[in-house]
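Notes for the one structure printed next.
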Amino acid sequence: MSIYLNAESKVIVQGMTGSEGMKHTQRMLASGTNIVGGVTPGKGGQVVEVDGAQLPVFETVSDAIEATGANVSVVFVPPKFARAAVVEAVTAKVPLVVVITEGIPVHDSAYFYAYANEVGATRIIGPNCPGLISPSQSNAGIIPATISGPGHIGLVSKSGTLTYQMMYELRDIGFTSAIGIGGDPIIGTTHIDALAAFQADPNTQAIIMIGEIGGDAEERAAAYITEHVTKPVVGYVAGFTAPEGKTMGHAGAIVSGSSGTAQAKKEALEAAGVKVGKTPSETAHLLRTLLSA
Numbered sequence: 015m016s017i018y019l020n021a022e023s024k025v026i027v028q029g030m031t032g033s034e035g036m037k038h039t040q041r042m043l044a045s046g047t048n049i050v051g052g053v054t055p056g057k058g059g060q061v062v063e064v065d066g067a068q069l070p071v072f073e074t075v076s077d078a079i080e081a082t083g084a085n086v087s088v089v090f091v092p093p094k095f096a097r098a099a100v101v102e103a104v105t106a107k108v109p110l111v112v113v114i115t116e117g118i119p120v121h122d123s124a125y126f127y128a129y130a131n132e133v134g135a136t137r138i139i140g141p142n143c144p145g146l147i148s149p150s151q152s153n154a155g156i157i158p159a160t161i162s163g164p165g166h167i168g169l170v171s172k173s174g175t176l177t178y179q180m181m182y183e184l185r186d187i188g189f190t191s192a193i194g195i196g197g198d199p200i201i202g203t204t205h206i207d208a209l210a211a212f213q214a215d216p217n218t219q220a221i222i223m224i225g226e227i228g229g230d231a232e233e234r235a236a237a238y239i240t241e242h243v244t245k246p247v248v249g250y251v252a253g254f255t256a257p258e259g260k261t262m263g264h265a266g267a268i269v270s271g272s273s274g275t276a277q278a279k280k281e282a283l284e285a286a287g288v289k290v291g292k293t294p295s296e297t298a299h300l301l302r303t304l305l306s307a
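Residue numbers for the sequence shown follow the numbering used here, so the first one is 15 and each next one is one higher.
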């Protein structure tokens with residue numbers, strides 16, 4: 015099984031005709047994703063050929079849903095247009111919207127996140143994320159599909175590149191789903207959301223949670239694990255060597271005093287029974303040990 019995305023998912027790509035949209039549409043198709051079309055205002059009615067597939071381009075998300083029955087949208091739209099693109103998808107009640115775009119102003123993310131909560135029909139993943147993959151079933155975003163196959167691990171991560179590394183480290187075991195939630199201050203799907211979904215998925219035997227410095231998302235996830243997660247969880251927190259008061263990488267990765275430090279997050283997770291590695295490789299080893307116990 016998987017979470018949020020499976021072989022039955024029908025995917026549209028907002029911004030498909032742009033350079034990034036086209037490149038990753040090709041990669042998603044190659045990994046088996048059922049892409050049923052794209053959306054680019056002003057180009058509705060066109061048909062784009064991608065590796066032999068004839069993909070229709072629609073003027074609006076609503077048009078795309080009506081014609082194809084799409085239930086997932088992947089957003090490859092420049093930052094200044096991203097708010098309008100996500101609002102359009104939420105208005106059309108797309109169940110899952112994966113926002114890959116980096117550099118979206120926080121007030122725009124706050125707006126479409128609040129709007130999605132108000133409408134109550136759409137899960138947003140991202141923004142500024144690599145998306146999610148259910149290996150051998152579907153891939154919505156930019157995660158390389160060739161680094162790992164299907165298996166019994168669930169992975170949720172703030173970091174895109176660490177998602178890839180962890181999948182590669184454990185490629186012989188494989189994953190039910192791997193989801194990169196993004197590292198911006200405001201995101202649509204949290205560690206806790208993914209933990210709940212993996213806990214409910216009968217095929218997921220163990221969970222890896224990757225966090226990073228800044229904020230208190232990992233501490234809140236630790237409290238949730240204590241109360242609600244019975245499956246083994248291992249963790250990794252990026253940023254043990256980050257200097258205090260510096261923004262590192264993602265916009266949300268800022269440390270103030272002792273709040274949000276990697277050590278504080280590690281201690282909170284360990285108090286919840288989560289084994290925490292100091293490196294990605296050590297974290298992978300911890301998971302192997304748990305599964306073989």
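Just so it is clear, CB atoms sit at the ideal spot from N, CA and C, and this is done for glycine as well.
Closest to residue i by CA distance: which of the options is it?
i: residue 243; options: 229, 97, 215 and 101; result: 215
i: residue 189; options: 174, 210, 212 and 164; result: 164
i: residue 119; options: 201, 195, 70 and 235; result: 201
i: residue 15; options: 192, 126 and 70; result: 192
i: residue 183; options: 158, 134 and 298; result: 298
i: residue 1; options: 72, 241 and 285; result: Examination of residue 1 is not possible in this model, given that the chain is present from 15 through 307 alone.
i: residue 168; options: 210, 137 and 156; result: 210
i: residue 45; options: 141, 17 and 160; result: 160
i: residue 136; options: 101, 220, 166 and 92; result: 101
i: residue 176; options: 166, 157, 186 and 187; result: 157
i: residue 292; options: 253, 307 and 282; result: 253
i: residue 287; options: 306, 241, 307 and 296; result: 241
i: residue 117; options: 33, 125, 94 and 130; result: 94
i: residue 17; options: 239, 282, 212 and 36; result: 212
i: residue 207; options: 239, 281, 121 and 154; result: 239
i: residue 155; options: 130, 36 and 126; result: 36
i: residue 150; options: 59, 185 and 125; result: 185
Please tell me whether residue i and residue j are closer than 7 Å, where the distance is taken between their beta carbons.
i: residue 108; j: residue 123; result: no
i: residue 223; j: residue 170; result: yes
i: residue 57; j: residue 31; result: yes
i: residue 139; j: residue 106; result: no
i: residue 50; j: residue 84; result: yes
i: residue 148; j: residue 301; result: no
i: residue 89; j: residue 115; result: yes
i: residue 152; j: residue 23; result: yes
i: residue 205; j: residue 237; result: no
i: residue 111; j: residue 103; result: yes
i: residue 227; j: residue 274; result: yes
i: residue 142; j: residue 230; result: no
i: residue 64; j: residue 43; result: yes
i: residue 181; j: residue 294; result: no
With a 10 Å radius around its C-beta and 16 neighbouring C-beta atoms as the bar for buried, classify residue i as buried or exposed.
i: residue 277; result: exposed
i: residue 271; result: Confidence in residue 271 is poor, its pLDDT being 49 and thus under 50, which makes the residue's placement too unreliable to answer from.
i: residue 172; result: buried
i: residue 68; result: exposed
i: residue 232; result: buried
i: residue 92; result: exposed
i: residue 53; result: buried
i: residue 128; result: exposed
i: residue 61; result: exposed
i: residue 33; result: exposed
i: residue 307; result: exposed
i: residue 174; result: buried
Chain D beta carbons: is any one of them nearer than 7 Å to that of residue i?
i: residue 232; result: Considering every chain present, this structure includes no chain D. It has just one protein chain.
Between residue i and residue j, how many whole angstroms is the CB-CB distance? I'm expecting something under 8 Å.
i: residue 28; j: residue 99; result: 5 Å
i: residue 75; j: residue 48; result: About 17 Å separates the two Cβ atoms, so there is no contact after all.
i: residue 279; j: residue 247; result: Contact flag wrong, Cβ pair sits at about 13 Å.
i: residue 225; j: residue 144; result: Rounded, the Cβ-Cβ distance is 15 Å, inconsistent with contact.
i: residue 304; j: residue 220; result: 6 Å
i: residue 218; j: residue 245; result: 7 Å
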